[in-house]
Amino acid sequence: MTREDPFIGKFILDTLSIGMYNDPLMIFREYVQNSVDSIDDIKMQNFTPKIEIEIDGFSRKIIIRDNGKGIKQANVESTLLNLGKSLKKKEEHRGFRGIGRLGGLGYCKQLRFITKAKGENKYSVISWNCDKLKQILKNNNDYSNAQTVIKTITNHSVVEYDGDRNKHYFIVELIDVQSPYDILLDVPRVKLYIAQVCPVPFDREKFIYATKIENEIRQKVPLYKVYDIMVNREKIYKLYKDNFKVAGKKVDYLTDYNSEFIRNGKGPLAYIWIAKTRLLGAIQDKEGIGGLRARSGNILVGDNNLLSKYFRENRFNKYLIGELHIIEPGLVLNSRRDDFEDNEYKEEFYTEFARNIGLPYSRYIRESSEKRRKGSGFNKHSNLVENTNDIIKKGYIATLQKKKMLKELNMIKNSKIKNNMEEISDLIGKLKKSKHFLDKDKQKNKVKDMKLVKDLCDIVYKNSSAPEEAKKIIIAISKRVLNG
Amino acid sequence: MNENILLVEPDYKTKYPPLGLMKLATYHKVIRKDNIKFIRGCNKYILEEQWDRIYISTLFTYTWEKTVETINFYKKLGKDDIFENGSYAKKIYVGGILATLMTEELYNATGVSNIVKGLLTTPKQIGIYDDKKNTNIDKLPPDYSIIEKINAKGKFVYTHANDYLGYATRGCVRRCEFCAVWKIEPEYIPYVSVLDMNKKVIRFSGVEKQNLILMDNNVTASRRFDDIIDDIKRAGFIKGATFGPTRRKRIVDFNQGLDARLLTEKKMQRLSEIPLEPMRIAFDDINEKTTYINVVRLAHKYGQKNMSNYVLYNYKDSPKDFYERLEINIKLNEEFKNNGSGIKTVIYSFPMRYIPLNAKDRNIDTGNKNWNEKYLRAIKIILNVTKGPVMPGPDFFYQAFGINYEYFKAILLMPEEFIRKRLIRNWKKYNDLKKQWTPYVREWIETYMALDTKEREKLIEILKANNYEIVEQEYRRKQSKKISTLLKNYMNALDIVEEYNK
């Protein structure tokens with residue numbers, strides 16, 4: 003018996019482009035992922051990878067450009083016009099299904115891929131006529147198969163290249179961009195999206211643990227890499243920072259972080275770092291750092307809520323800051339990249355995550371909030387103001403005390419809480435000018451070697467574990483010195 | 222079709238009502254029959270309604286932060302989570318000075334690309350293509366009712382809510398580097414009918430206004446200057462004119478100033494026919510000294526009483542010539558007082574700090590090495606007493622700015638606390654300036670005056686950044702005895718002042 007070839011109709015194109023993604027911004031993830039894979043294919047030394055995104059709302063155009071390997075002219079059609087046939091390997095590449103590049107089809111009138119490989123003196127332009135695609139899809143009398151449609155709506159041209167033959171690149175152009183709410187042209191939103199989703203570095207200027215965490219992930223997670231991604235000439239960083247706003251306009255800050263592996267019986271499935279904070283409340287959405295977030299190949303999986311269901315209450319995840327990096331190759335992403343494919347690893351992973359992270363952290367969060375409710379916790383902020391005023395009035399007892407206080411005040415100042423900025427700045431100014439308590443009016447000149455006594459105060463303060471105790475000792479010493 | 226139109230002014234400080242939004246209010250209310258609402262700043266309850274268009278005005282570039290914050294607030298429909306969709310970006314229209322000068326940066330910071338550059342002369346600029354008359358929105362009369370509501374609430378009050386606000390010309394013939402006018406209004410239009418505009422306002426709002434504020438950038442350059450003066454007079458603004466039953470005095474104010482270089486005697490004479498109050502002439506450049514003095518004397522000759530003259534600093538000038546320019550005004554005041562003419566011409570100087578056209582905040586290094594952080598801050602503190610102007614009398618001036626340039630510099634270098642509290646309580650009793658000073662100020666100035674040139678340079682070097690940490694470090698190093706004393710004063714300024722004022 004001879005069997006017919008199965009017919010693959012035109013609508014498969016709709017499903018694989020627009021139908022794949024529930025958020026238009028995801029096309030940036032898909033194109034960046036392709037760029038990153040193509041950059042990783044370059045095994046050269048002294049190579050500076052570049053991914054540049056240009057968004058122009060005035061001419062409604064988006065360009066995504068990388069200096070990755072590019073595609074050899076002979077392979078252009080087979081690579082860019084075939085579907086679901088990727089030459090990429092699961093183990094080395096982030097994408098492997100060969101459909102991501104269609105993401106732009108639904109959001110512009112013309113989609114163009116321009117690419118050149120090293121050593122060739124020509125570059126290729128593949129353009130997709132998206133308007134024509136829509137017409138064909140709409141036309142109920144058109145029963146074309148997918149292959150015919152692709153042939154009809156695409157065009158391939160080869161152009162002479164006068165520049166440096168050794169150049170290599172891949173450019174995606176979306177022309178006449180159309181998206182709901184114009185979201186794809188909303189530069190700050192795109193920046194926020196890329197900062198949270200794409201494999202960009204931590205910001206060392208804003209995040210004190212940037213280097214430490216980055217080095218640690220590099221050691222523990224084999225496929226971890228970061229890339230310079232520019233949006234309208236601005237370099238994008240992850241949003242993690244030292245202090246941040248939580249619900250109720252309160253400010254919380256990082257004091258350190260914990261890290262560990264999530265394991266099954268055989269080995270590590272993932273590596274996770276979680277910030278140590280005071281767990282004061284759910285982190286405000288606009289900070290863009292709330293919630294433990296899973297990343298695979300340093301690209302976000304799903305959104306900030308993927309892991310939320312494995313806490314006692316979903317909202318508890320929003321109290322936390324941290325990243326979970328997938329290590330186990332068996333944890334394969336589904337084609338929408340919003341979760342993992344169903345297999346035994348997935349189940350093990352979520353079970354272990356809930357056991358080791360979700361549930362214990364749910365308990366910490368509840369306990370700490372109960373503590374605060376009962377009033378055993380103290381309002382550090384008002385306490386700080388009180389202590390500062392005390393120092394301004396009576397003088398500080400040790401240089402370190404003043405320094406610490408200044409550091410805390412500056413943290414609050416830099417966090418830009420609007421309401422009492424003036425007060426904080428004023429306090430900082432006054433605190434800077436405050437004196438050692440031994441230099442305050444009456445005590446002056448009573449002691450011969452004032453410097454020695456001050457040094458002594460510093461030593462006591464520095465080496466004591468409780469500042470209150472230190473204060474008692476310092477006052478006792480000074481009384482003795484002054485009276486004797 | 223009735224659309225819901227929201228007009229937003231970011232809540233920066235301003236005396237002048239948002240003319241652009243007021244004209245848009247007229248356009249949408251009268252011509253398109255839409256529903257309009259005007260609001261200042263961010264109001265989350267506003268987002269509970271559905272808006273078809275949101276217009277946001279912009280002012281100076283140093284209001285950058287507030288402006289971007291406001292646009293982003295109205296853009297996101299109250300949602301913060303990036304993973305949730307929805308945005309008003311498409312429906313937002315931005316215009317005004319900042320939007321014109323920093324279009325691309327504003328787009329990058331907000332994602333809003335409906336940005337009107339320069340004047341709004343056709344509805345096509347705001348994506349309206351069905352207006353068959355192609356209304357020139359810039360020429361519509363402003364709708365005062367929208368600001369009356371704000372003023373009535375009293376939370377924010379526009380000083381000039383009850384004045385005619387308009388133009389007799391547009392643009393400027395000059396291309397000064399420090400000025401944005403030629404970028405926003407590149408074409409110089411020598412005549413716009415003030416009379417027509419006022420009539421429209423009366424017809425539209427039903428009431429006459431008391432004063433006439435003309436925001437011309439260079440009316441002096443107009444070849445139709447005579448027609449403009451005639452228009453103003455015909456509109457009811459003749460010298461001595463009064464308004465309403467209480468016979469309040471009517472005034473005309475060209476609030477952007479007049480160009481001294483173009484003010485001929487003929488023009489001055491014509492200006493004297495209208496109740497110009499004050500007359501504003503810029504004194505930005507010491508090289509224009511002769512021209513400036515001649516024009517001010519001319520104004521005096523033609524009976525001008527109040528003058529309020531802009532004095533630009535931190536541009537290409539130095540503190541020295543800034544002092545000189547201020548002093549020239551003081552000397553002119555004395556001259557007018559004593560020349561027996563009986564015309565009481567009084568000049569107030571308005572120092573204006575130069576801020577580059579693309580500066581996102583006021584504190585920015587302009588690269589002028591003659592000025593520094595410390596000087597600029599000190600000027601601000603000195604002027605803070607009067608909230609801006611330099612008083613016309615010599616007593617105030619020599620008191621506040623020193624009897625000569627060296628004293629001026631000594632004052633600028635004093636600790637802030639000293640500048641603020643430099644006078645003893647009953648200072649008015651004494652004629653001798655030095656006796657009016659508090660002891661610590663006297664000591665500071667005396668010590669400073671005793672420094673040699675090298676020491677003075679050294680001191681400026683230490684203080685110029687206005688940074689306490691640097692001063693503290695330098696104090697710990699080996700310094701000459703006098704510098705050491707001054708630095709010690711600097712670090713203990715707060716205590717010294719508090720101690721004295723106990």
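So the sequences go chain by chain: A and B. Take the first sequence: its position 395, counting from 1, is numbered 397 in my numbering, and each next residue is one higher. Take the second sequence: its position 128, counting from 1, is numbered 349 in my numbering, and each next residue is one higher. All C-beta atoms, glycine included, are put in the ideal place defined by N, C-alpha and C. Treat the numbers as computed from the prediction; the structure is a model and nothing was measured.
>> For A:Lys252, report the span of its beta strand (DSSP E) as first-last.
In response: In this chain, the beta strand (DSSP E) harbouring A:Lys252 covers Lys252 to Tyr255.
> What did DSSP end up calling A:Leu282 once you bin it into helix, strand or coil?
Replying inline: coil
> In chain D, which residues lie less than 7 Å from A:Asp188 when you measure between Cβ atoms?
Replying inline: Reference to chain D is not applicable here, since the protein chains of this structure are A and B.
>> Can you look up A:Met3 in the DSSP assignment and give me helix, strand or coil?
In response: Coil.
>> Beta-carbon within less than 7 Å of A:Phe439's beta-carbon, same chain only, minus the 5 sequence neighbours each way: which residues are those?
In response: Lys396, Gly397, Tyr398 and Ile399
>> What does DSSP give as the partner residue(s) for A:Cys110 in the beta ladder?
In response: Bridge partners of A:Cys110: A:Val179.
> Where do the ends of the beta strand (DSSP E) carrying B:Ser426 lie?
Replying inline: That residue, B:Ser426, is in no beta strand (DSSP E); its alpha helix (DSSP H) goes Val415 to Ser426.
>> Does A:Arg482 come out as helix, strand or coil in the three-state DSSP assignment?
In response: helix
> In whole angstroms, what separates the C-alpha of A:Lys420 from that of A:Arg280?
Replying inline: In this prediction, A:Lys420 scores a pLDDT of 49, lower than 50, which makes its location untrustworthy; the coordinate-derived value is nonetheless stated afterwards. The alpha-carbon atoms of A:Lys420 and A:Arg280 are separated by roughly 21 Å.
> Do you know whose CA, among B:Val606, B:Asn372, B:Glu555 and B:Leu416, lies nearest B:Tyr385's CA?
Replying inline: B:Leu416
> Which residue's Cα is closest to the Cα of A:Pro190: B:Val289, B:Gly614, B:Lys675 and B:Glu545?
Replying inline: B:Val289
> Taking a cut of 9 Å between CB atoms, which residues from the segment 38-65 of chain A lie near chain B?
Replying inline: Ile57, Asp58, Gly59, Phe60 and Arg62
>> Taking the beta carbon of A:Arg339 as the centre, do at least 16 other beta carbons fall within 10 Å, making it buried, or is it exposed?
In response: Under this definition A:Arg339 is a buried residue.
> Going along chain A in order, which residues have a C-beta closer than 8 Å to the C-beta of B:Leu715?
Replying inline: Lys432 and Lys435
> Looking at B:Leu227 and B:Ala246, is the spacing between their C-beta atoms short of 8 Å?
Replying inline: Between B:Ala246 and B:Leu227, the CB-CB gap reaches or exceeds 8 Å.
> With DSSP run on the structure shown, which of helix, strand or coil describes A:Tyr273?
Replying inline: Correct three-state label for A:Tyr273: strand.
> Under the three-state reduction of DSSP, which class applies to A:Ser378: helix, strand or coil?
Replying inline: Any answer about A:Ser378 is weak, because its pLDDT of 40 lies below 50 and its placement is not dependable; what the coordinates show is given next. The answer is coil: DSSP assigns A:Ser378 none of H, G, I, E or B.
>> For the segment 163-197 of chain A, list every residue whose C-beta sits within 7 Å of some C-beta in chain B, in sequence order.
In response: Those would be Pro182, Tyr183, Asp184, Ile185, Leu187, Asp188, Val189, Pro190, Arg191, Leu194 and Tyr195, in chain order.
> How long is the line joining the alpha carbons of A:Ile276 and A:Ile426, rounded to whole angstroms?
Replying inline: Linking A:Ile276 to A:Ile426 through their CA atoms gives a straight-line distance of about 30 Å.
>> For B:Leu497, list the residues DSSP reports as bridge partners.
In response: B:Val473
> If the cut is a Cβ gap below 8 Å, which residues of chain A does B:Tyr328 touch?
Replying inline: Neighbours of B:Tyr328 in chain A, taken as residues at a C-beta separation under 8 Å, are given in chain order as Gly59, Phe60 and Val189.
>> So, at 8 Å on beta carbons, what are the nonlocal neighbours of A:Ile264 in its own chain, with the 5 sequence-adjacent residues on each side left out?
In response: Pro270, Leu271, Ala272, Tyr273, Ile274, Leu326, Phe351, Glu354, Phe355, Asn358 and Ile359
> Closest to B:Met670 by CA distance: which of B:Met635, B:Arg698 and B:Lys522 is it?
Replying inline: B:Met635
>> Please identify the residue among A:Ile461, A:Lys456, A:Tyr23 and A:Asn416 whose C-alpha is closest to the C-alpha of A:Val253.
In response: A:Asn416
> Taking the Cβ atom as the reference point for each residue, do A:Ala284 and A:Tyr321 lie within a distance shorter than 8 Å?
Replying inline: yes
> Buried or exposed: where does A:Asn260 fall if 16 or more other Cβ atoms within 10 Å of its Cβ makes it buried?
Replying inline: Counting Cβ neighbours within 10 Å, A:Asn260 comes out exposed, since fewer than 16 surround it.
> Distance, Cα to Cα, A:Asp162 vs A:Asn307?
Replying inline: Residue identity differs from the one stated: residue 162 of chain A is Glu in this sequence, not Asp. Approximately 48 Å between the Cα atoms of the pair.
> Nearest-angstrom Cα distance between A:Gly304 and B:Thr607?
Replying inline: 59 Å
> By Cβ distance, which residues of its chain are closer than 6 Å to A:Ile29, with the 5 residues on each side in sequence left out?
Replying inline: Gly105 and Gly106
>> Closest to A:Asn168 by C-alpha separation, out of A:Lys120, A:Asp42 and A:Leu194, would be which residue?
In response: Of the candidates A:Lys120, A:Asp42 and A:Leu194, A:Lys120 places its Cα closest to the Cα of A:Asn168.
> Rounded to a whole number of angstroms, what is the C-alpha to C-alpha distance between A:Leu481 and A:Leu402?
Replying inline: Per the sequence shown, the amino acid found at residue 481 of chain A is Lys instead of Leu. Inter-residue distance for A:Lys481 and A:Leu402 is about 21 Å (C-alpha atoms, whole angstroms).
>> If the criterion is Cβ atoms closer than 8 Å, does the pair B:Phe571 and B:Asn530 meet it?
In response: yes
> Closer than 8 Å, CB to CB, is B:Asn293 near chain A or not?
Replying inline: yes
>> I want to know whether the segment 321-334 of chain B touches the segment 373-389 of chain B - three or more CB-CB distances under 8 Å.
In response: no
> Distance, Cα to Cα, A:Ser378 vs B:Asn713?
Replying inline: Per-residue confidence for A:Ser378 stands at a pLDDT of 40, beneath the threshold of 50, marking its modelled position as unreliable; no derived number is given.
> Where do the N-terminal and C-terminal ends of the alpha helix (DSSP H) with A:Asp258 fall, by residue?
Replying inline: Element bounds for A:Asp258: not the alpha helix (DSSP H) but the beta strand (DSSP E), Asp258 to Arg265.
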